[in-house]
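Undergrad: Protein chains in written order, with my numbering: chain A, 61 to 456; chain B, 5 to 392. Every residue, glycine too, gets a C-beta built ideally from N, C-alpha and C.
1) Bridge partners of residue 63 of chain B, per DSSP?
2) Alpha helix (DSSP H) containing residue 235 of chain B: first to last residue?
3) For a contact meaning CB atoms closer than 7 Å, what does residue 239 of chain B contact in chain A?
4) What do you reckon, are the CB atoms on residue 263 of chain A and residue 208 of chain A nearer than 9 Å?
5) Using a Cβ-Cβ cut-off of less than 7 Å, list which residues of the stretch 324-350 of chain A approach chain B; keep chain order.
6) Decide yes or no for the touch test of the stretch 408-427 of chain A against the stretch 227-234 of chain A: beta carbon pairs closer than 8 Å, at least 3 of them.
7) Could you confirm whether any beta carbon from chain B is found closer than 9 Å to the beta carbon of residue 143 of chain A?
8) What residue range does the beta strand (DSSP E) around residue 107 of chain A cover?
9) Looking at residue 144 of chain B: is its Cβ nearer than 9 Å to the Cβ of residue 181 of chain B?
10) Restricting to runs no shorter than 3 residues, where is the beta strand (DSSP E) found entirely within the stretch 122-181 of chain A?
11) Drop a sphere of 10 angstroms on the beta-carbon of residue 69 of chain A, count the other beta-carbons inside from all chains shown, and report buried for 16 or more, exposed for fewer.
12) With contact counted as at least three CB pairs below 8 Å, one residue from each stretch, are the stretch 256-271 of chain A and the stretch 212-222 of chain A in contact?
13) Short of 7 Å in beta carbon distance, which residues of its chain neighbour residue 356 of chain B, apart from the five on each side in sequence? Order them along the chain.
14) Closest by CA to residue 266 of chain A, which one among A:146, A:238, A:362?
15) Between residue 197 of chain B and the rest of its own chain, which residues show a CB-CB distance below 7 Å, the 5 nearest in sequence each way excluded?
16) Starting from residue 200 of chain A, trace the beta strand (DSSP E) in both directions and tell me its first and last residue.
17) Among B:271, B:193, B:161, B:164, which one has its Cα closest to the Cα of residue 138 of chain B?
18) Give me the chain A residues within the contact set of residue 188 of chain B, using Cβ-Cβ distance strictly less than 8 Å, ordered along the chain.
19) For the alpha helix (DSSP H) that contains residue 290 of chain B, what are its first and last residues?
20) Helix, strand or coil for residue 106 of chain B? Go by DSSP, reduced to three states.
21) Among the candidates A:270, A:193, A:247, A:250, whose CA atom is the shortest distance from the CA of residue 164 of chain A?
22) Whose Cβ in chain A lies nearer than 8 Å to the Cβ of residue 35 of chain B?
23) Any chance the CB of residue 261 of chain B is under 8 Å from a heavy atom of the ligand MN?
24) Verify the CB distance criterion: does residue 432 of chain A have a CB-CB separation below 9 Å to chain B?
25) Between residue 271 of chain A and chain B, is there a C-beta pair that is closer than 9 Å?
26) Listed in chain order, which residues of the stretch 294-314 of chain A have Cβ atoms closer than 7 Å to some Cβ of chain B?
27) If you check the beta carbons only, do residue 242 of chain A and residue 170 of chain A fall under 9 Å apart?
28) Please list, in chain order, the chain B residues whose beta carbon lies closer than 9 Å to that of residue 73 of chain A.
29) Answer yes or no: does any C-beta atom of chain B fall closer than 9 Å to that of residue 175 of chain A?
30) Would a check of beta-carbon distances place residue 28 of chain B closer than 9 Å to chain A?
31) Please list the partners that residue 91 of chain A has in chain B, where partner means a Cβ-to-Cβ separation under 8 Å.
32) Quick one, which of B:36, B:25, B:53 has its alpha-carbon nearest residue 249 of chain B's?
33) Using the beta-carbon of each residue, which ones in chain A are nearer than 8 Å to residue 21 of chain B?
34) Would you list, in chain order, the members of the stretch 117-128 of chain B that have their beta-carbon closer than 8 Å to a beta-carbon of chain A?
35) Just to confirm my understanding: we take residue 341 of chain A, look at its own chain, exclude 5 residues before and 5 after, and list those with CB closer than 6 Å. What are they?
36) Is it the case that the stretch 266-279 of chain B contacts the stretch 15-31 of chain B, given that we only count it when at least three CB pairs across the two stretches are under 8 Å?
This is the structure in C-alpha cells:
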C-alpha cells in the first residue's frame, strides 16, 4: 500500500527553511537550464529550416563562406555544364540558377538600445532567387523590384535591429550613400536567411562596386544526388566548390554550437550540484523522521512504499523548484529581451535568434530536474527503507 | 578543548552531510572560478588595451569595406605637429588559412614602419624591430597561436588567404608576442602583401582599419571626432572608436560570453549560499540541545557563536578548495587558448580570479553561519535543555 501524497506534501512544510532553500537551489539551476534549452531550440529550429537537400550553394574554392567568396560572372558561366542536373523553371524552362552577392551593413542592435552594432548580411539576387530559395515568403508588403533601390528584410532581424521597419530607408552601398527603401518583410520559416536583408542583385553590385558574385545557388533536379553534383563542381572542368544548404549553415553555426556546449557543460555541473543538495536535504529529513518511518513500518507500510514516498517528496521539491526556475527564466527573458545574435563561424555576419519559453522547454526542464531529484533521493530513500524498526522506535 | 577540535568533531559526526555539502559547494565553486577567470582576463585585456590609447578608424558602412591607404596621410595631416598622434598604422585583413584545413588564423597585414610604435604591447625589442624591418616576409605571432601550431622564431610558414584573391604567402616568424592581449593574432608587413597583390593583378593599397596611437585620452577623444568629420561626405566615410568599443562589438558577436559568465557567476553564488545555509540550519537544529549543554557548563555565548560560525566558514572553505583547486589545475594544464575562438581563448586563471573566488566562498561561509550562530548566541539554555 502506498503512502498518501498529502503526507509528503505536508512534510515539506515541517522543515520550511530547508525546503525553501533547496527549492531555491533547484530554481536557480533550472533557470539557467531552461534558458539554455530555449537557445538550443532556437538554434536547431533555425537550422532545421535550412535542410533543403536539393539546394546547392556554389562557392569559390579556398573561400570559407559566401562572405569571402568571389565568383566572377565568367566563372559562373562554367556552371552551365550542370544544366542536366539543375532543375528547370516550369514557366520559363530555364535552369534554376541564382547568382547572388553578399555584402554587409553594420546596424545597431535593439537589445542594448543601439550601443553595439553587428554586421548584417545583405544579399543581392535576381528574381530567380525566389524560385531557388523555396522556403522564402513575403509576409508583409511586397517583394523588391529589380533595378530599384528597394530591399526586403528578414523577419528575425527586423525585430532585432534598429531601422529595419517597413517604410524605413536603409543606407547601403560601399559608402553607405544609397538609400534603399524597405518595401517588405520576408519569412524563411525561421531559417538563418531571416537574418538577412535582400535586394536586387544589379543595383546592389553597383552600389558596392562589385563585379563578382559571391555564390551561385542551384536548385537540383530531384533525380540527382547532391554529393555527386558537388564532386562534379569541384572537378577539373568547373573548379569551384559547393555545399548543400544544410552543410553550409551547419558549418556556420559552429560558433553558436561551441557557445552552447560550454553553457551545457556548466549547467550539467550545476545539475549534479543540485542532486547533491537534494540528497543532503532528504538525508536530513530521513534522519529526523526515523521514528516516524519505523512507526509506518509497524502499522504495515512496506520499506518500498517508504522509499517511493521519499522519492515522491524529492520530486515535489524538484518540480516546485523547476516551475519557479522556468518562471524566473521567463521573467528574465521578458525584462532582458529574448533576442540573441551571433556571428556565423566565417561569414562575419550575424545570425539572429529568438529565445522563447515554450511549453516544450518547460516540460523538458521539469523532466530533467525530476530526474535530478530522483537521483538525489535514491540513496536517502534506500536508507529510509532499510530502517531498523525496533531500534528506531526505541530511540529517545 | 580548542574550538578547532569541537569544529572538527562536529564535521566528522555527520560525514555524509559534510561530504554532500562540500561537493554541492565545490561543483558550483569550480564554475565560479572558471567564469570569474574569464571575466577578470577580459577586464585585464581591455584595461591594458585602454592604456595603449589606440583609436580604430574604419569604414562607416562596415569594417569589411576597405579604405584607401591614403587615409593614413590624411589622418597624420590632422596633427602636423605630432602633438596628439604618435603614429598611424594601416591594417588589412588577410585571414590566413592553414593549408589543407579550415582553420583560419586571425592575421593582419600592418604598416611595417609604425607597427612597433602603435603596438607597444607586442613587446618588440630593438632587435625584434630590426629583424622585422629587414625581412619583408617577417611576421610576429601571438603565443596562443604559436603554441597551438608549434611555431617558433626562425620558422618559415605558409598560409593561404581566405579572402579574395586568396593569395598564398610565405612568412618568416621573427617574434612570438608574449602579451595576453596579443595571444591570438598574427601580424605581417603590409608592403609585402601590397606587392604580392599587385603582382597578382589586384589593387593592393587598401586598408580595413587604421590604428592610431594617441598621446593621451583628451587627444584620443578629440581625434575621434576630427577624423570622422574630416572624412564626412566623402565616398569613404569613417567611423572611429576606441579599442574598448571596437572590441565590444566583436564580443557581442561571439554571443557575449563574458556577460554569460557574469550571469553564471551570480547564479552560482546564489546556489552555494543556499547550499551552505541549508546545511548550517540543519546542523544547528539538530544540535541546539548540545549547544545548550555547552552553555550550561560555562562556555561563554561568544564562544558558542564562534563555534557555529567557524564550522560554517570551515565547511565553505573546504568546499571551495576542492572545487577551485582541480578547476585551476585543469585550466592550467589544458589552456583553452587552443580553441582559438576569441573570448574563450582568453580564459586564463589569474591569482586575482582565485583570490576573488576564495573571498566569495568566505563571504558565503560567514553569511550562511551568521543566522544559526546568532540563534546559538541567543539560545535559551533552560528551554533548549527541556526540549525533546
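TA: Based on what the coordinates show:
1) Sequence index remark: in the second chain, residue 63 of chain B carries index 59 (1-based). Looking at the DSSP assignment, residue 63 of chain B forms a beta bridge with B:242.
2) Reading the second chain from its first residue, position 231 is the one you call residue 235 of chain B. It spans 221-235 - the alpha helix (DSSP H) in which residue 235 of chain B sits, taken as one unbroken run.
3) What you label residue 239 of chain B is simply residue 235 of the second chain in a count that begins at 1. Ordered by position in chain A, the residues that pass the 7 Å Cβ test against residue 239 of chain B are 235.
4) Translated into the one-based positions of the first chain, residue 263 of chain A becomes position 203. Translated into the one-based positions of the first chain, residue 208 of chain A becomes position 148. In this structure, residue 263 of chain A places its C-beta atom within 9 Å of the C-beta atom of residue 208 of chain A.
5) Residues of the stretch 324-350 of chain A with a C-beta atom less than 7 Å from some C-beta of chain B are 326, 329, 330, 332, 333, 336, 337, 339, 340, 341, 343, 344, listed in chain order.
6) Short answer: they don't touch.
7) Along the first chain, read from residue 1 onward, the residue named residue 143 of chain A stands at position 83. Closer than 9 Å: no.
8) Position 47 of the first chain holds residue 107 of chain A. Going by DSSP, residue 107 of chain A is part of no beta strand (DSSP E) but of the alpha helix (DSSP H) stretching over 76-108.
9) Working through the second chain from its first residue, we reach residue 144 of chain B at position 140. Working through the second chain from its first residue, we reach residue 181 of chain B at position 177. Result yes, Cβ atoms of residue 144 of chain B and residue 181 of chain B sit closer than 9 Å.
10) Runs of the beta strand (DSSP E) inside the stretch 122-181 of chain A: 157-168.
11) Position 9 of the first chain holds residue 69 of chain A. Residue 69 of chain A is exposed by the Cβ-count criterion.
12) Touching, yes, given that three or more Cβ pairs across the two stretches are closer than 8 Å.
13) Numbered from its first residue, the second chain carries residue 356 of chain B at position 352. When the five nearest sequence neighbours on each side are left out, the beta carbons in the same chain lying within less than 7 Å of the beta carbon of residue 356 of chain B are those of 44, in order along the chain.
14) Locating residue 266 of chain A in the first chain gives position 206, counting from the first residue. Its Cα nearest to that of residue 266 of chain A, the residue A:238 stands out among A:146, A:238, A:362.
15) On the second chain, residue 197 of chain B is found 193 positions in, with the first residue counted as 1. Within the same chain, residue 197 of chain B has close Cβ partners 96, 98, 113, 208.
16) Numbered from its first residue, the first chain carries residue 200 of chain A at position 140. For residue 200 of chain A, the uninterrupted beta strand (DSSP E) segment begins and ends at 197-201.
17) As a first step, residue 138 of chain B is located in the second chain; it is residue number 134 there, counting from the start. Check the Cα spacing between residue 138 of chain B and each of B:271, B:193, B:161, B:164: the tightest is with B:193.
18) Indexing the second chain from 1 puts residue 188 of chain B at position 184. Neighbours of residue 188 of chain B in chain A, taken as residues whose beta carbon is under 8 Å from its own, are absent, since the nearest beta carbon is some 15 Å off.
19) Against the second chain, residue 290 of chain B aligns to sequence position 286. In the DSSP assignment, residue 290 of chain B falls within the unbroken alpha helix (DSSP H) covering 261-300.
20) Within the second chain, residue 106 of chain B is the residue found at index 102, counting from 1. Residue 106 of chain B falls in the coil class under three-state DSSP.
21) Against the first chain, residue 164 of chain A aligns to sequence position 104. Residue A:270 is the option with its Cα nearest to residue 164 of chain A.
22) On the second chain, position 31 is the one that residue 35 of chain B refers to. By Cβ distance, chain A contributes 326, 329, 330.
23) As for the ligand MN, it is missing from this structure, which has no ligand bound.
24) Within the first chain, numbered from 1, the residue matching residue 432 of chain A stands at position 372. At a cut-off of 9 Å, the C-beta of residue 432 of chain A has no neighbouring C-beta in chain B.
25) The residue you call residue 271 of chain A lines up with position 211 of the first chain. No, residue 271 of chain A does not count as interfacial toward chain B.
26) Those would be none; no residue qualifies.
27) Position 182 of the first chain holds residue 242 of chain A. Position 110 of the first chain holds residue 170 of chain A. Taking 9 Å as the Cβ cut-off, residue 242 of chain A and residue 170 of chain A do not qualify as a contacting pair.
28) Within the first chain, the letter at position 13 stands for residue 73 of chain A. Annotation: residue 73 of chain A has no Cβ neighbours in chain B at a cutoff of 9 Å; minimum Cβ distance is about 15 Å.
29) Counted from its first residue, the first chain places residue 175 of chain A at position 115. By this cut-off, residue 175 of chain A is an interface position.
30) By 1-based counting over the second chain, the position of residue 28 of chain B is 24. Judged by the 9 Å Cβ criterion, residue 28 of chain B is in contact with chain A.
31) Within the first chain, residue 91 of chain A is the residue found at index 31, counting from 1. Against chain B, the beta carbon of residue 91 of chain A has neighbours under 8 Å at 271, listed in chain order.
32) Translated into the one-based positions of the second chain, residue 249 of chain B becomes position 245. Nearest Cα to residue 249 of chain B within the set B:36, B:25, B:53: B:53.
33) As a first step, residue 21 of chain B is located in the second chain; it is residue number 17 there, counting from the start. Going along chain A in sequence order, the residues near residue 21 of chain B (Cβ under 8 Å) are 340, 343, 344.
34) Listed in sequence order: no entries.
35) Against the first chain, residue 341 of chain A aligns to sequence position 281. Result list for residue 341 of chain A: 78, 82, in chain order.
36) As far as the Cβ criterion goes, the stretch 15-31 of chain B touches the stretch 266-279 of chain B, which means the pair count is three or higher.
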